[in-house]
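Participant:
Residue numbers (this note's numbering): 3 to 460.
Okay, here's the thing in C-alpha cells:
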C-alpha cells in the first residue's frame, strides 16, 4: 500500500510541476459567458457558443503571462476568426491565432493554427464543421500552437523581433484573451486556461531563436505573403523532420513524390497508398510527373487527388530518337548549339499541353551551355515559351536550386499575367530558405496576388 501511495505522489508531483503549480480554470463553457464582455451577435445553444460574423468576446478579468490555453471549437462552413492573447480590452495588442478551415478563401495561407503575421500556415489539419482542440502555450519567449495534440507552430520571439509599423504591438507581454469571428460563424464549446509558473532560462531560449534582423522569412509573413516552398522532396529527410524544420524556419512545405516509370511511385495504387499515409500531415500534397509518359501512367482520377501537379521539360527524345535527360551530360547530344537550343524551346512548348499546373525547373540548360544562359535565352525564345504557358494557363516556378529562370524571363512572365511558385527541388535535407526566389520576388515586384493558389483537397 505504501508503495502505491509513493508512486501516486510522484505522479501528482509531476502533474503539478507540468502546470507550474496552478490548476486549470474554466473560462467559458457552452452554458455561460459570464466571464466575458461580448459584442455582436452571439447565442448559447446545444452546449456551445455560436459567434456570428463581426462578433467578439473579451475576457473581463485576468492578466496572463505564461499559460496554456485550451480551446474546443469548430468553424461553420466558411467560418473564420482568431483567438488573441496578451491583448487588451480593444484587442489591439498581442498575438492572434487563426481559426480558418475554408478551402476556397482568397487568403489561403492563414489556416487554423497560424500565428498570424509571424507563422502563417498554408494547410489546416482539421476540417470545417468538425470539432477540434487547439492548445496555445506561452512559456517565456516561446509560443507553441497545437491542433488536436500535434504542434503546428513553434516560435521563439527573439530579442529584436522584426515587426512592420502595422504589427508593432505584436509582441509578448501579458494581458487578456479574446475571440473574434470575421466571417460566417464559429462555435466555441469551451475555453480553459492553466497559468504556468515557468522557470525557463532566457539565454537558452534566445540561443534557439532565429535572428529576425536578417531573416527574410519573417518579412514575408509580416507583409502577408504566402510562405510556401511548393517543391520539396523527402530526400535525406523524413516527413517528421520536414515538419520540424518547417515549424522552425516558418516555411510551409508542399511535398512532392516523383511519379513515373523508374521512379519511387509508378502506378495509381502506389499513389493512393502514399496519399493515405500522408493524411493528417501539415503538408500540401503535390505530384511531380516524370518523363513524358506520366500522363498515361497515372489516371486523371488519381492525379486529381493531389493539390496540384507539376512537371519539367528536362526529359525528352531528341531528333534522332535518343532519350535525353538534360541534367545528365552523357545523355546530351549536341551537334549545333543553336539548333539544340531551339529543340529545347520546342520541347518546353510541347510540355505545356500536358495535364499539369506548374512548369518547374524552368528553362534549364545542360552544363555545357549553362555558362551562356542569358545568351541562349533570347527575347524571341522567351516570348515563345511564355506565349505557350499563357495559352495553356500554366504557372511558373522560380527555382532556388538552379537559380532559374533568369530575371528577364520572370519579368516577362509577370507582364504576361502568369502565376508563380517558389521551389527548391532539394536533393538532400538541406533545403535552404528560398533565397533566390525571395530575391527575384523583390527585384521583379511579385506580390501575393501573383502567387499560384493550390487546389487544396480535404
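We put the CB at the ideal spot given by N, CA and C, even for glycine. The structure presented is a predicted model; accordingly, all values stated were derived computationally and were not measured.
Going by DSSP in three states, residue 202 sits in which element: helix, strand or coil?
Facilitator: The three-state secondary structure of residue 202, taken from DSSP, is coil.
Participant: Near residue 452, which residues of its chain fall below 7 angstroms by C-beta distance, leaving aside the five closest residues on each side in sequence?
Facilitator: 416, 421, 422
Participant: Can you tell me whether residue 223 is helix, strand or coil according to DSSP?
Facilitator: helix
Participant: According to DSSP, is residue 215 part of a helix, a strand, or is it coil?
Facilitator: coil
Participant: Could you name the residues of the same chain whose beta carbon sits closer than 6 angstroms to that of residue 252, not counting the 5 residues immediately before and after it, in chain order?
Facilitator: In its chain, beyond the 5 residues on either side, 121, 219 have a beta carbon closer than 6 angstroms to the beta carbon of residue 252.
Participant: Where does residue 287 fall in DSSP's three states?
Facilitator: strand
Participant: What residue ranges within the segment 129-213 form continuous alpha helix (DSSP H) runs of no fewer than 4 residues, ordered along the chain?
Facilitator: Secondary structure within the segment 129-213: the alpha helix (DSSP H) runs of 4 or more consecutive residues, fully enclosed, are 204-210 (chain order).
Participant: Looking at chain B, is there any beta carbon in it that lies within less than 7 angstroms of the beta carbon of residue 94?
Facilitator: Structure shown: chain B not included; a single protein chain is present.
Participant: Which one or two residues does DSSP pair with residue 256 in a beta bridge?
Facilitator: 286
Participant: How many Å lie between residue 59 and residue 418 at the Cα?
Facilitator: 46 angstroms
Participant: When burial is assigned at 16 or more other CB atoms within 10 Å of the CB, is residue 409 buried or exposed?
Facilitator: exposed
Participant: Given a cut-off of 7 angstroms, decide if residue 68 and residue 200 are closer than it, judged by their beta-carbon atoms.
Facilitator: yes
Participant: Could you tell me the distance, in whole angstroms, from the CA atom of residue 308 to the CA atom of residue 288?
Facilitator: Roughly 5 angstroms separates the two Cα atoms.
Participant: Could you spell out the range, first to last residue, of the beta strand (DSSP E) harbouring residue 78?
Facilitator: Taken as a continuous stretch (DSSP letters only), the beta strand (DSSP E) holding residue 78 covers 69-89.
Participant: I'd like to confirm the pairing. Which residues does DSSP put opposite residue 399 in its beta bridges?
Facilitator: 423
Participant: Should residue 350 and residue 311 be called a contact, given that it needs their Cβ atoms to be closer than 7 angstroms?
Facilitator: Cβ distance not < 7 angstroms, so residue 350 and residue 311 don't count as in contact.
Participant: For residue 192, which residues in the same chain have their Cβ closer than 8 angstroms to its Cβ, ignoring the five residues on either side in sequence?
Facilitator: 28, 30, 31, 32, 72, 73, 74
Participant: From the DSSP output, which residues share a beta bridge with residue 27?
Facilitator: DSSP, once it has assigned bridges, lists 195 as partnering residue 27.
Participant: When you compare only the Cα positions, how much space is there between residue 266 and residue 303?
Facilitator: 20 angstroms
Participant: Do the segment 173-189 and the segment 233-246 touch if we need at least three Cβ pairs shorter than 8 angstroms?
Facilitator: no
Participant: By the 10 Å Cβ neighbour count, where 16 or more other Cβ atoms means buried, how is residue 455 classified, buried or exposed?
Facilitator: buried
Participant: Using the three-state DSSP reduction, which class does residue 300 fall into: helix, strand or coil?
Facilitator: When secondary structure is reduced to three states using DSSP, residue 300 falls in the coil class, being assigned neither helix nor strand.
Participant: Here's a check: name, in chain order, each residue in its chain whose Cβ is nearer than 8 angstroms to the Cβ of residue 292, leaving out the five neighbours to either side.
Facilitator: 260, 261, 262, 263, 264, 265, 313, 317
Participant: For residue 20 and residue 119, I'd like the C-alpha separation in whole angstroms.
Facilitator: In this prediction, residue 20 scores a pLDDT of 42, lower than 50, which makes its location untrustworthy; the coordinate-derived value is nonetheless stated afterwards. Looking at the two C-alpha atoms, the distance is approximately 29 angstroms.
Participant: Please tell me whether residue 143 and residue 159 are closer than 7 angstroms, where the distance is taken between their beta carbons.
Facilitator: yes
Participant: In this structure, how does DSSP classify residue 366 when only helix, strand and coil are distinguished?
Facilitator: coil
Participant: Can you tell me whether residue 104 is buried or exposed, with buried defined as 16 or more other CB within 10 angstroms of its CB?
Facilitator: It counts as buried.
Participant: How is the beta strand (DSSP E) around residue 54 delimited, first residue to last?
Facilitator: 50-54
Participant: Measure the alpha-carbon distance for residue 272 versus residue 87 and round it to whole angstroms.
Facilitator: Residue 272 and residue 87: Cα-Cα distance of roughly 44 angstroms.
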